[in-house]
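The sequence shown lines up with residues 12 to 151 when you count with the numbering used here. Glycine is no exception: its CB is placed at the ideal position from the N, C-alpha and C atoms. Just so you know, these numbers come straight off a predicted model, no measurement behind them. Notes for the one structure printed next.
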Amino acid sequence: MQPPSQAPVLLFVYGTLRAGAAGGMHARLMNGARRVGPASIRGRLYDAGRYPAATPSDDPGDRVAGELYAIDGDAGDALLAALDEYEGVDAARPARSLFRRSVIAAEREDGTRVPARVYFYNRPVDRLPRVTSGDWLQRA
Numbered sequence: 012m013q014p015p016s017q018a019p020v021l022l023f024v025y026g027t028l029r030a031g032a033a034g035g036m037h038a039r040l041m042n043g044a045r046r047v048g049p050a051s052i053r054g055r056l057y058d059a060g061r062y063p064a065a066t067p068s069d070d071p072g073d074r075v076a077g078e079l080y081a082i083d084g085d086a087g088d089a090l091l092a093a094l095d096e097y098e099g100v101d102a103a104r105p106a107r108s109l110f111r112r113s114v115i116a117a118e119r120e121d122g123t124r125v126p127a128r129v130y131f132y133n134r135p136v137d138r139l140p141r142v143t144s145g146d147w148l149q150r151a
């Protein structure tokens, strides 16, 4: 008898990991995850130049648009480790990380909320322009 497989981990992506974004990391994500569909999170989105920077927000009107992906158990740890490296996460020195992986409620198009991992920007945003639409792919 095989042990029960681990439930998939949900990952919310909002920038360079999204389908349609420039760069090759989305292809790497698709090798270990499956797309669940569009979603959004409560947060603020900023333009850090070559990539977006999302931060959490207490304001329900602040939304970041993106997509949910399910990462299945067997490949999950390796994929999350690769994504941590891509996002500049330093587990040994979290304060030095460019992004930090957190868990947040992601809202699907049908209104259901699910816990999902997200990479939040871990640096000051006071000098970054805000993406007021909340959608990196639709920024002006």
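| Query | Result |
| --- | --- |
| Inter-residue Cα distance where the pair is ALA106 and TRP147 | 25 Å |
| For ARG74, the residue or residues it bridges with in DSSP | ARG53 |
| Neighbourhood of PHE110 by C-beta, 7 Å cutoff - its chain only, sequence neighbours within 5 removed | GLU98, GLY99, VAL100, TYR130, PHE131, TYR132, ASN133 |
| Opposing strand residues paired with ASP58 [DSSP bridges] | PRO63 |
| Cβ pair VAL75, ALA59 closer than 8 Å | no |
| Nearest neighbour of ALA127, chosen from ARG112, LEU28, GLN17, ALA32 [CA to CA] | ARG112 |
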